[in-house]
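A.B. asks: The following block contains the structure, expressed as structure tokens.
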Amino acid sequence: MEEVFRLDCAMVQETDWADESTGRRGPWDDMTPWYEKSFGLKYLELYAHRDEQGARDDIRSIVELVALSRDEPLLDLCCGAGRHLKVLRDMGFSRLVGLDLSKELLEVAAERLAADDASNLTGQVQLVRADMRFIPYANCFACILSLFTSFGYFEQDRENSAVLLAAHASLKPGGIFLIDYLSKDYIVAHLVACDEKTVGQRRIRNVRRLTDGARRVEKTITITTGDGVAQEFLESVRLYSAEEMVAMLEDAGFVAIRTYGSLKGEPFTPESERLVIVAQKGQVG
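Set out below in structure tokens:
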């Protein structure tokens, strides 16, 4: 049997957590939030255009933007179906961890990593099912990547801040946290309220709206099959400005925080479509 690499840090106990507004305890109970419903196999159909070439372009840009060591542990936070993990592995990164809450997407990630593995590299990737507020490692990673707007999912600001605290705790001193996030200014100014497209025999309709005083953006996705059967999915993301994100990261203990308008390192402006943030854990703490 192929030996999986070992991290030079221990997994830690999950912290007990309760949502004061709903009474939910922990990430899995009867009051299922949108992100547990939406990130399944249908999600992959919705974003089929996000292919491996796009992931390869992303990682090449990140490697140029941030000095990454291929021999140090790296975490893909909210790794989904493993597009970026596969590219990282194929580029020679040898100590990778992918964390996601979706069992279905992790199963697809495992299949993807095993399907094209002529060099027997699958053991260089560990897949972990966990909530991003409770990253089960301490002082472990040289880099954490949060790509494709995997932040701002939770209703309470303290829950979103908990993700930053968990990332800080799981990084080694001096470790880097890169967040690829949406730009609030751009979303508010250029929101497309509705669009439709046809993919195969399916009609996909996206309806977007700003809620909570433009503090959130919500998208309702309706997929209608050729025989008229419709399914709805929701996406809801907290809109933080660049200034708010920097302040939250500072509160979580990060230093040397830089903002960009893309993974290519372009300057961030009000017209930037993305907000990319690179933050560092201090050498002490």
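Here our numbering is used: the sequence shown runs in plain steps of one and ends on residue 452.
Glycine included, C-beta positions come from ideal geometry on N, C-alpha and C.
Being a predicted model, the structure only gives us computed values, none of them experimental.
1. DSSP has residue 373 in a bridge; who is on the other side?
2. Tell me the rounded alpha-carbon separation between residue 308 and residue 261.
3. Along the beta strand (DSSP E) that carries residue 403, what are the first and last residues, could you check?
4. Quick one: what's got a C-beta closer than 7 Å to residue 292's C-beta in the same chain, skipping five residues either side?
5. May I ask which residues mark the beginning and end of the beta strand (DSSP E) holding residue 296?
6. Could you tell me if residue 234 is buried or exposed, where buried requires 16 or more neighbouring beta carbons within 10 angstroms of its beta carbon?
7. Roughly how many angstroms lie between the CA atoms of residue 374 and residue 390, to the nearest whole one?
8. Give the straight-line distance between the Cα atoms of residue 405 and residue 318, rounded to the nearest whole angstrom.
9. Give a yes or no on whether 8 Å exceeds the smallest Cβ distance from residue 231 to chain D.
10. So, helix, strand or coil for residue 450, using DSSP?
11. Could you tell me which residues DSSP pairs with residue 310 in its beta bridges?
12. What separation, rounded to the nearest whole angstrom, lies between the Cα atoms of residue 417 and residue 220?
13. If you draw a straight line from the C-alpha of residue 193 to the C-alpha of residue 438, how long is it?
14. How about residue 415 and residue 442: do their beta carbons lie closer than 8 Å?
15. To the nearest angstrom, how far is it from the Cα of residue 224 to the Cα of residue 420?
16. In three-state terms, what does DSSP make of residue 424?
17. Taking just the CA atoms, how far does residue 365 sit from residue 376?
18. Mark residue 195 as exposed unless 16 or more other C-beta atoms lie within 10 angstroms of its C-beta, in which case mark it buried.
19. Looking at the structure shown, is residue 444 part of a helix, part of a strand, or coil, going by DSSP?
20. Going by the beta-carbon positions, is the gap between residue 311 and residue 244 smaller than 8 Å?
21. For residue 282 versus residue 294, is the C-beta distance shorter than 8 Å?
C.D. replies: Quick answer:
1. According to DSSP, residue 373 bridges with 362, 388.
2. Cα-Cα distance, rounded: 13 Å.
3. Note, residue 403: beta strand (DSSP E), 397 to 405.
4. Excluding positions up to five away in sequence, the list reads 252, 256, 263, 265, 280.
5. Residue range 292 to 296 is occupied by the beta strand (DSSP E) that includes residue 296.
6. By the neighbour-count rule (16 or more Cβ atoms within 10 Å), residue 234 is not buried but exposed.
7. Their backbone Cα atoms lie some 12 Å apart in a straight line.
8. Roughly 8 Å separates the two Cα atoms.
9. In summary, chain D is missing from the structure at hand, where a single protein chain is found.
10. Coil at residue 450, not helix or strand.
11. Listed as beta-bridge partners of residue 310 by DSSP are 241, 343.
12. It is roughly 34 Å from the alpha-carbon of residue 417 to the alpha-carbon of residue 220.
13. Confidence at residue 193 is low in this model, with a pLDDT of 44, below 50, so the placement of that residue is unreliable and no value is reported for it.
14. Contact annotation: residue 415 and residue 442 have beta-carbon atoms that are not nearer than 8 Å.
15. Going from the Cα of residue 224 to the Cα of residue 420 covers about 30 Å.
16. In this structure, residue 424 counts as strand in the three-state DSSP scheme.
17. Taking the straight line from one Cα to the other gives about 22 Å.
18. Unreliable placement is indicated for residue 195, whose pLDDT of 38 sits below 50; the coordinate value is still reported in the next sentence. It counts as exposed.
19. Strand, per DSSP.
20. In this structure, residue 244 lies closer than 8 Å to residue 311 by Cβ.
21. It is not a contact, given that the beta carbons lie outside the stated cut-off.
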